[in-house]
Amino acid sequence: MCFSTMLEADFIDVKVIKLKKDEQKKILVKYDSKEKLFQFRWTLYKNDGLVVFRSYDKIVAQNILYIRNKNQSFRFYLKPKGGKSYDVPYVLVKFKAFDYETNEATFELYLSDKNMQISLKYL
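Okay, so the sequence shown: first residue is 828 according to our numbering, each after it adds one.
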């Protein structure tokens with residue numbers, strides 16, 4: 828199975844985002860009667876590694892992403908794993924490119940939500 832076919836089958840939404848250094852992207856996640864904020868930004872690009880800070884649901888994390896490595900992405904679950912739901916919705920954030928002229932990093936955000944429970948609002 829090719830990668831693009833796999834993406835079409837597993838992800839219901841794909842969004843391309845370009846960020847300059849320390850520019851923060853905020854996404855409002857809505858499900859049931861809850862609203863949660865996902866935020867991320869990058870702070871350093873050195874030796875082909877991009878340092879990304881992120882937070883969601885009171886969990887703060889740091890990742891180092893590489894374009895030409897298996898560490899191209901991170902994912903996070905959007906709601907707690909429940910007894911009924913085996914397929915917990917999540918977002919996958921993938922580092923796609925770095926433009927040295929504009930000093931911008933390009934990301935792709937993929938939403939996996941088989942039960943159509945999640946609404947994302949890009950702020």
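Using N, Cα and C, we set each Cβ at its ideal position, and we do this for glycine too.
If you're wondering where the values come from, they're calculated on a predicted model, not measured in any experiment.
Spatial neighbours of residue i in its chain, beta-carbon cut-off 8 Å, leaving aside the 5 residues before and after
{"i": "Pro916", "result": "Tyr858, Tyr904, Leu905, Lys906, Leu938, Ser939, Asp940, Lys941, Asn942, Gln944 and Ile945"}
{"i": "Ser951", "result": "Because the chain spans 828 through 950 in this model, residue 951 falls outside it and cannot be assessed."}
{"i": "Glu862", "result": "Leu855 and Val856"}
Contact set for residue i: own chain, Cβ-Cβ below 7 Å, skip 5 residues either direction
{"i": "Glu850", "result": "Arg868"}
Neighbour-count burial assignment, residue i, 16 or more Cβ in a 10 Å radius
{"i": "Leu871", "result": "exposed"}
{"i": "Lys852", "result": "buried"}
{"i": "Ile854", "result": "buried"}
{"i": "Leu864", "result": "exposed"}
{"i": "Leu950", "result": "exposed"}
{"i": "Val843", "result": "exposed"}
{"i": "Val841", "result": "exposed"}
C-beta atoms of residue i and residue j nearer than 8 Å
{"i": "Thr933", "j": "Lys948", "result": "no"}
{"i": "Asn930", "j": "Lys845", "result": "no"}
{"i": "Asp875", "j": "Arg895", "result": "yes"}
Contact with chain C by residue i, beta-carbon distance below 8 Å
{"i": "Arg902", "result": "Among the chains in the structure shown there is no chain C, since it carries only a single protein chain."}
Under the three-state DSSP convention, the category residue i falls into
{"i": "Asp859", "result": "coil"}
{"i": "Asp926", "result": "strand"}
{"i": "Phe830", "result": "Unreliable placement is indicated for Phe830, whose pLDDT of 45 sits below 50; the coordinate value is still reported in the next sentence. In this structure, Phe830 counts as helix in the three-state DSSP scheme."}
{"i": "Asp840", "result": "strand"}
6 Å Cβ shell around residue i - same chain, five flanking residues per side excluded
{"i": "Ile839", "result": "Leu938 and Asp940"}
{"i": "Asn890", "result": "Val879 and Phe901"}
- Query: Unbroken beta strand (DSSP E) runs of length 3 or more, entirely within the region 880 to 910: which are they?
  - Reply: Whole beta strand (DSSP E) segments, 3+ residues: 886 to 893 and 900 to 904.
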